[in-house]
Amino acid sequence: MSPLTRRQLLALGAAGAGAAAAGGAGLWWTGGDGPLAGGGRELVQPEVLTGRDGILDVTLDASPASVQVGGRRAELQAFNGSLPGPTLRVRPGDTIRATMTNGLGIPTNLHVHGLHVSPQGNGDNPFVSIAPGESFDYEFVLPADHPPGTYWYHPHRHGHVADQVAAGLYGAIVVEDPDSVPVSRERVLVVSDLTLDGSGNLAEVSPMEQMMGREGETVLVNGQVRPRATAAPGERELWRVVNACPSRYLRLSLDGQDLRLFGRDVGRLPAPVGVTEVVLAPGNRVELLVDTREGTSTLVAAPVDRGGMDGMMGGTVPGDGPGNDEPIELLTLGVTGAPAGEVGPVPAGPPLRDLRSAPVAARRTLDFAMGMGGRGGMGGMGGSGSMMSFTIDGRAFDGGRTDQHVRIGTVEEWVLTNSSPMDHPMHLHVWPMQIVEDGGRDLGEPVWQDVVNIPAFGRVTVRVAFEDFGGRTVYHCHVLDHEDLGMMGTVEAR
Ligand code: C2O
Ligand code: CU
Ligand code: CU
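Residue 219 in the working numbering sits at position 219 of the sequence shown; the count goes up by one each step and never skips.
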C-alpha cells in the first residue's frame, strides 16, 4: 500500500487511519489493491454522437448508474449510464436538440458550458428546473461562426450542481474546426474526481469539504483509473482535456513528449505555443498537441495551491486547504514501434479578436468574498449547511434578482476582485471573457477564457463583448460547492 497523503490522513481522521490499515470499513482506496486497481488498461474514448444535416438529436438520461471504476462497481449517477456521458460532436452552425430526462429523484437541468448560444427559453437556460421523473427539450443553436473547440455539458440546478457533477454527470462537446489541422488521432480526456466508500457508494461530503470545495480521492480520465494509451514515435495527437472536477485544479505535465498548447476554452490560438505544463481551474479546457517521442510518459497532475481558510474559522485549518497532495498520475502514454511518417506542419489559425482597444461602455467591479455567518449561522460545523457565507458583492445568489444589466452590442470591463483567502475561478455563461489585466502578467496575444481564476486576495480584469444574444443568465465561482453555497450572480443583456 502506498503511503498516505496528508489529505487522505485528513479524510480519515486520526482514529480512522488505524482502522483502515487494519482492513476495517475504510475508504474505498484503502481496501484490496488500493486506488490504482485497474490501472494500465487501454484508454477508452466516450461514445461519440454526431449529427446529420446540421442537427444532432440526443437524449440525455440523468440517472443512477452502476459503473465499473478501477476494477470495482461504483454506484454513481451518469448520463445514459456511461462515465463520462457521450461526446457530442458538432460543427459551427449546427443545432443540438437534447431531451434531458431526470431519473435522479431530485431536480436537475442541463448546461452547455462554454457554448456561445442563447440563454433564453429552451436554450442554455440555467433557470430551468427539471423535476424528478420529468424531461425537458433543449435546443442549442450554434452560430455559423461559433469558435471550434472543446466544451462540455453538466447539470446546473442551483443547490445540486456540485453533488451531481461529483456523482458523474458530465460529458464533452466538440465543435469541429472546418480547417482542421493534420493529426494522427484525437483523444478526448475528461478528467474528474470522486471518493467512494468501502461498498462503492459516493462518500458523504462534510460541511468543511464543501466550504473548501470538495476534492475526490481518486482522479479519473474518462472514468478510468490511470489508463494507458499507445502511439508510434513521430505521430501528432490532439488531446482535448476537460477539467470536470467540481473543485480540483489540475497542473498537467507530460515529460518526455513535445507538448504545445493549441487551444484554450473557447477556440484555438493563432499558433500553438510550446509548454511544459498547463493549469486548468475547474471548468477549463485545453487542447494540446502532442508530438510523440519514443518512451513512456506519464500525464501528471501536480498539486495546485488554491488557498485555504486560514484565519477564517478562528484558527488555521489543518492541511491549510486543499491542493496540497503529491502529484497524481492520470495516464501513461507508451510510444513504441516503427516511426510514423512526417505529419504536415500546423497551419496558422485566424488571429484572435482583441478588445483592449475597444470602447468600453461600462465598468463594473465584482467582489468575491467569504464571510462568517452564512447558512446555519454561527452554530458551528456540526449542523447542516455551512457556517460561512459565499457572496459576490456581498450578496448570495437569488435567481429572482438581476444583478447586472448590460446593453447588447456593447463591450464592458469587469474588474474581478477576491477578498478571500481562497482562489475563485469565475465563470460567465454565453459570452467569453478576454483577460486584459492579471497581476502584472504580460498579456501579449489576446487571452480568451470562459473560466478565469481570481487568486486569493487578488484581482483580474476582463472585457466582455455582450453581443449576438440577449437574455438572462449567470456568472459564478466554478468551485461548484461555492456556487451551490451562493457564489453566483445574474446578468441580463437587453
Ligand atoms: Cu460549467 Cu455555470 O458552469
Ligand atoms: Cu458554464
Ligand atoms: Cu470559489
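By construction, the Cβ of each residue, glycine as well, lies at the ideal position given by its N, Cα and C atoms.
- Where glutamate 287 is concerned, the enclosing beta strand (DSSP E) starts and stops at 285 to 291.
- Relative to ligand 1, even the nearest heavy atom lies 8 Å or more away from the CB of tryptophan 431.
- For phenylalanine 397, the CB stays at least 8 Å from every heavy atom of ligand 3.
- Taking the Cα positions, proline 148 is about 15 Å away from glycine 54.
- Annotation: leucine 115 is outside any beta strand (DSSP E) and is labelled neither H nor E by DSSP.
- Within the region 127 to 165, the runs of beta strand (DSSP E) that reach at least 3 residues and sit entirely inside it are, in chain order, 135 to 141, 149 to 154.
- Per DSSP, the continuous alpha helix (DSSP H) segment holding leucine 480 begins and ends at 480 to 484.
- Beyond the five residues adjoining it in sequence on each side, alanine 144 comes within less than 8 Å, by CB distance, of Pro92, Gly93 in the same chain, given in chain order.
- In the three-state reduction of the DSSP assignment, methionine 208 falls in the helix class.
- Bounds of the beta strand (DSSP E) holding histidine 405 are 404 to 406.
- Assignment of serine 357 by DSSP, reduced to helix, strand and coil, places it in the helix class.
- Taking the Cα positions, glutamine 45 is about 7 Å away from asparagine 222.
- In this structure, valine 474 has its beta carbon less than 8 Å from a heavy atom of ligand 1.
- Contact check between the region 185 to 198 and the region 58 to 68: fewer than three CB pairs, one atom from each, fall below 8 Å, which does not count as touching.
- When DSSP states are grouped into helix, strand and coil, leucine 299 belongs to the strand group.
- Going by C-alpha positions, glycine 213 is about 44 Å away from alanine 340.
- Counting other Cβ atoms within 10 Å of its Cβ, histidine 405 stays below 16 and is therefore classed as exposed.
- Excluding five sequence positions before and after glutamate 294, the CB atoms of its chain that fall closer than 7 Å to its own CB belong to Pro233, Val335, Thr336, given in chain order.
- The closest CA to that of asparagine 102, considering only Gly267, Arg251, Glu326, Ser135, is found on Ser135.
- Residues with their Cβ less than 5 Å from any non-hydrogen atom of ligand 3, running along the chain, are His424, Cys477, Val479, His482.
- Taking 9 Å as the cut-off, the Cβ atoms of glutamate 217 and glutamate 209 do not count as close.
- For histidine 429, the secondary structure class from DSSP, reduced to helix, strand or coil, is coil.
- Take the alpha-carbon of arginine 89 and the one of glycine 371: they are about 42 Å apart.
- Bridge pairing for methionine 372: Met388 [DSSP].
- For the region 252 to 278, the full-length beta strand (DSSP E) segments reaching 3 residues or more read 258 to 264, 268 to 274 along the chain.
- According to the DSSP assignment, phenylalanine 466 belongs to the beta strand (DSSP E) that extends over 459 to 466.
- Short of 6 Å from the beta carbon of alanine 229, and not among the five residues preceding or following it, lie these beta carbons of its own chain, in chain order: Leu43, Leu333.
- Residue state for alanine 78 is assigned as strand, using DSSP reduced to three classes.
- Taking C-beta atoms under 8 Å as the contact rule, leucine 355 and alanine 465 qualify, at a distance of about 6 Å.
- Counted as a single uninterrupted DSSP element, the beta strand (DSSP E) harbouring isoleucine 454 occupies residues 451 to 454.
- Residue state for proline 182 is assigned as coil, using DSSP reduced to three classes.
- The beta-bridge partner set that DSSP reports for valine 190 consists of Val242.
- A distance criterion of 8 Å places the beta-carbon of proline 126 in contact range of ligand 1, judged by its closest non-hydrogen atom.
- If you ignore the 5 residues before and after alanine 162, its C-beta comes within less than 6 Å of the C-beta of Pro246, Leu480, Asp481, Asp484, all in its own chain and listed in chain order.
- Shown here, threonine 336 sits in coil according to DSSP, grouped into three states, outside any helix or strand.
- Distances from the CA of proline 350 to each of Leu49, Asp179, Asn125, Gln120 were compared; the closest alpha carbon is that of Asp179.
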